[in-house]
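I have placed the structure first, in the form of C-alpha cells, so that the comments after it can refer back to it.
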Amino acid sequence: MDLSLDASTLEFQAEVRSWLAAHVRPLSSMDTAEGFEEHRAWERLLASSRLSVVSWPEEFGGREASLLQWLVFEEEYHASGAPGRVSQNGIFLLAPTLFAHGTDEQRARILPAMARADEVWAQAWSEPEAGSDLASLRSTAVRRDGGWLLRGQKTWSSRAAFADRAFGLFRTGPGERHRGLTYLLFDLRAPGVAVRPTAQLDGEPGFAEIFLDDVFVPDRDVVGEPGDGWRVAMSTAGDERGLTLRSPGRFTAAATRLVELYRENPDPALRDRVVDAWIGAQAYRLHTFGALSQPLSGPAASVTKVFWSELDVALHETALDLLGEVAPGWRDGWLFSLAGPIYAGTNEIQRNVIAERLLGLPR
Amino acid sequence: MTPERLALRDAVRGLLDRHSDVRTAIEAPHGHDEDLWARLCDIGVLPIPEEYGGSGAGLPETHVALGELGRTLTPAPLLASTLASQALLASGNAEACARLLPRIAGGEIAALAWPWAAGDGVSVAPPDHPETTTAASEGPLEGSVRYVLDGDTAEILLVTDGVSLYEADPAGVTRSHTPAMDPTRRLATVRLTGGAATYLGPWSSRVRDIALAALSAEQVGAAARALELTVEYTKTRVQFGKPIGSFQALKHRMADLHVLVETARSASLAAVDEVSAAVAKVYCSEAFFKVAAEMVQMHGGIAITWEHDAHLYLKRAHGSGQLFGSPQVHLGRLARITRG
C-alpha cells in the first residue's frame, strides 16, 4: 500500500499545522465551569477556520475532507498538543447517527450549532443498573401530545455537568430489552432535568448523573423511528469504539512524547516497554490506514477499541514508571486512560463481540 | 501466624474498623488521625525493645500492623517511626537509643531522611572550625532528600549520608510537605542547610532491607483488601441477569489475582536479608499494582469516581512501588548481587 500523501493532502496538512502552531495554547480543565467555556471558545475558533468538523459537508461547517485527510488532521491536532475536544460526544457520536438516521430538518437544525459549539452535547446511555447490559435500561419515554415525557436516571454521562443537550435511549415499549427503545434528544436545562456532577478520580466532575422527571421532548427530537432506538444507536456504536473517537494521532503523539521522555530519563529496564508502546501506536496507525480501502464494520470496531484502550494504558503506565512518584504531565492522562477499557462498552463486552460475531464462537 | 500475632492482627483490625476514616485523615493537619496513632502506640505496634520503653514487639509484629494499615490505606506514621527506630538501634548508640526511643514509643513521630532516590544526597560539609572538631563526621550537613515519610511533621529527625547516622537540629533544616500521586501517604522534602547535626553512629544498609520488607507487608495487606473488595463487588453487581462475578471473563482473572496475592504474601513473610527483601520489594510492588489496576477495571464506571476507594488503592500501589526505589532499581541490584 502506498502511504505517501497526495499534493492536496500535503497542502491541507501544511495549512492545519501552521494554523495550530499559531493558535494552540493551554486551557484549564474542561471539567471545570471556566475551563468548559474556554474549550467552547476554542471550538468556535476552530469552526471559524472550518477546522472543527473537517470531514462534514460544507453546508454544516465542514470541508468534505476525505478519511485520509481526517486522519492527517487528527495527527497534526494531537502532535501540536491542542486541547481535548469538548464537543467530541456530539461530533463523533451523535453526528454520525444523524447522518445515518436523522431527517434533513434535524441535520440542518442541529449540526451547524454543534460544529460551532453553540450546543455542546453529552451522552446519556448508561443507567445505574444498566452498564455493560445496556439493553436492561429502565428510563422511559411516554407519549404526550406532540412529543414524549422522559422519566428515569442516567449515569456516567460525560460532559453533562456543563453541556447544553444530551442524547440517549429510552424505553417506549412495547417489548423488552432491545425492543421498544427509542433514541431521543433532550435539553439538559429543560424543566424536570436535574444534573448531579460526579467527581472523577482526579477530583473533577468529568461526568454526571442525570435525573429526569417528566421532561418534555417534542417529536422532532426523536432520531429514527420510535421503537427502533437500539438499531439506531448500535449502527453507530462502532464510531465510539472505533477510530472516529480515538484516532491514531492521539496515540502516535503520546508515543512520541514517551520516547522523548525516555531520552531525558533513560532507564534500560524500561527500554523494551517504551519501544513496545511506540510500536503499538504505529501498528494502530497502519491498521486505520487499512480502513481507507475497507471500512471497519461494526464488530471490527471492537478490535480497535480493545487495541487503543489497552495501548493507552500501557503508554501511560510506562511513562509513570519512567517518572516515579510525582509523574508531572502524565498523571491526568494516566487516570483518564484507565477509563478507556470501561467506557464505550467495556473490553469484556468487546471481547464477547469479537468472539461471537467475528470468530463465530457459541454464545 | 502465631496466636499472639493473630490476636494483634485482630486488635489492630478492630481498632481500624471502628476509628479509621481515611478521607478525613488525609485532610487533617498532619495527614493522619492523631488519636488513632496514639491508640496504635498503646497497642504496641512499634518495634522497640522494652529496655527503651517499647512494647517489646519485633519486626514481625510491626509487619502485621503495617498489613492492617495497608488494608484500609489508613495514613499513620508507623512506617516512618519504624525506620527511624531501626536506624537508631542499628547505630549501636545506647545513649541515643535511651534518649530517643522512649519518645518514639510514646508516639512522637520520628522521620528518617535517607537519600535513596537518584538525585538526592546528603554530605558533611567541612567544619567552620577544624581545630575544635574531634571527628570527620561532626561537621554540618548539607543536601536535599525527597520523599521523606512524615518528614515535615516529625518531632525527631534523623539523617543519613549512607555512611553515618545523624540527629538533625531542626534549626538547620527546611522541611516542606510535597504531595505526590498517593494522597494517603505523607511525604516531605527535607533540605539541610548547614545547621549543626549530632553524629549518632554508623549507618547500616540493613535498614534499607528492613524498609523494603516493612513496605512489602503493607503492600500485601492493601493488595489482599483490594481483591476482597473486588470479589465482593462482583458478587453483588448484576448484569445480564447474573452477578458479574459468575462470568469466566472476570472469575478467572480474580483467581489469578488470588494466586498473585498469596505468593506476594509468602515473598513478604520471607523477606529477612538483602536478597529476599529486594525480591519482596519487586514482587509485592508489581503484584499490588496489578491487583489495583484490575480492581479499577472490574468495578467499571464506579471506580472512575472520586467517591469510590479504588483510585486510592491504585495511587497507593503506584506510590509504594516507587518508594525506596522502583522495581527496576531493585531488579538491577538483584542482578548485580546474584551475578556475584
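Chains as they are written, first to last, in the UniProt record's numbering: chain A, 1 to 363; chain B, 1 to 340.
Glycine is no exception: its CB is placed at the ideal position from the N, C-alpha and C atoms.
Values in this document were obtained by computation on a predicted structure and should not be read as measured data.
{"Query": "Counted within 10 angstroms of its Cβ, other Cβ atoms place A:His39 as buried (16 or more) or exposed", "Result": "buried"}
{"Query": "Beta-carbon spacing of A:Phe216, A:Gln153 below 8 Å", "Result": "no"}
{"Query": "Sheet register partners of A:Ile210 (DSSP bridge)", "Result": "A:Lys154, A:Val195"}
{"Query": "Neighbour flag for A:Glu348 against chain B, beta carbons, 8 Å", "Result": "yes"}
{"Query": "Beta carbon of B:Ser91 nearer than 8 Å to that of B:Leu200", "Result": "yes"}
{"Query": "Own chain partners of B:Met1 with C-beta closer than 8 Å, once the 5 adjacent residues on each side are dropped", "Result": "Arg9, Val64"}
{"Query": "For A:Leu27, three-class secondary structure by DSSP", "Result": "coil"}
{"Query": "Top-ranked residue by Cα proximity to A:Pro299, from A:Gly360, A:Val142, A:Leu46", "Result": "A:Gly360"}
{"Query": "Of the listed residues A:Val193, A:Gly340, A:Trp19, A:Ser87, nearest to B:Ala303 (C-alpha basis)", "Result": "A:Gly340"}
{"Query": "Beta-carbon gap between A:Ser55 and A:Gly61 smaller than 8 Å", "Result": "no"}
{"Query": "Minimum Cβ-Cβ distance from A:Thr198 to chain B less than 8 Å", "Result": "yes"}
{"Query": "Beta-ladder partner(s) of B:Ile156, from DSSP", "Result": "B:Ala110"}
{"Query": "Pair within 8 Å by beta-carbon distance, B:Leu187 and B:Thr193", "Result": "no"}
{"Query": "Complete runs of the alpha helix (DSSP H) confined to the segment 34-117 of chain B [at least 4 residues]", "Result": "34-43, 59-72, 78-91, 94-105"}
{"Query": "Spatially closest choice to B:Leu269 from B:Val12, B:Pro60, B:Glu307, B:Ile48, by CA coordinates", "Result": "B:Pro60"}
{"Query": "For A:Leu181: DSSP bridge partner residues", "Result": "A:Arg171, A:Asp228"}
{"Query": "Opposing strand residues paired with A:Glu260 [DSSP bridges]", "Result": "DSSP output for A:Glu260 lists no bridge partner at all."}
{"Query": "Residues bridged to A:Ala141 (per DSSP)", "Result": "A:Leu150"}
{"Query": "As assigned by DSSP and simplified to three states, the class of B:Leu323", "Result": "coil"}
{"Query": "Rounded C-alpha distance that separates B:Thr133 from B:Leu141", "Result": "At B:Thr133, the pLDDT of 49 sits below 50, so the modelled position is not reliable; the number obtained from the coordinates is stated separately. C-alpha separation (whole angstroms): 14 Å."}
{"Query": "Any chain A beta carbon closer than 8 Å to B:Leu331", "Result": "yes"}
{"Query": "Residue-chain proximity (B:Phe324, chain A), Cβ-Cβ < 8 Å", "Result": "no"}
{"Query": "Under 8 Å between C-beta atoms of B:Val172 and B:Ala196", "Result": "A quick correction: the sequence has Gly, not Val, at residue 172 of chain B. Yes."}
{"Query": "Rounded separation between A:Pro57 and A:Glu64 - CA only", "Result": "5 Å"}
{"Query": "Any C-beta of chain B under 8 Å from that of A:Asp133", "Result": "yes"}
{"Query": "Closest residue to B:Gly58 among B:His19, B:Phe288, B:Ile210 (Cα-Cα distance)", "Result": "B:Ile210"}
{"Query": "8 Å Cβ shell around A:Leu270 - same chain, five flanking residues per side excluded", "Result": "Tyr262, Thr318, Asp321, Leu322"}
{"Query": "For B:Gly300, three-class secondary structure by DSSP", "Result": "helix"}
{"Query": "Listed by chain order, chain A residues near B:Tyr147 by CB distance under 8 Å", "Result": "Glu325"}
{"Query": "Close beta carbons around B:Val12, own chain, < 6 Å, minus the five adjacent residues each side", "Result": "Ala65, Glu68"}
{"Query": "Presumed contact (8 Å Cβ cut-off) between B:Thr184 and B:Leu312, rounded CB distance", "Result": "6 Å"}
{"Query": "Assigned secondary structure, A:Pro96 (DSSP; H/G/I helix, E/B strand, else coil)", "Result": "helix"}
{"Query": "C-alpha distance - A:Ser136 paired with A:Gly227, whole-angstrom precision", "Result": "15 Å"}
{"Query": "Between the CA atoms of A:Phe99 and A:Met114 - distance to the nearest angstrom", "Result": "13 Å"}
{"Query": "Identity of the residues DSSP links to B:Pro3 by a beta bridge", "Result": "Paired residue(s): none; B:Pro3 is not in a bridge."}
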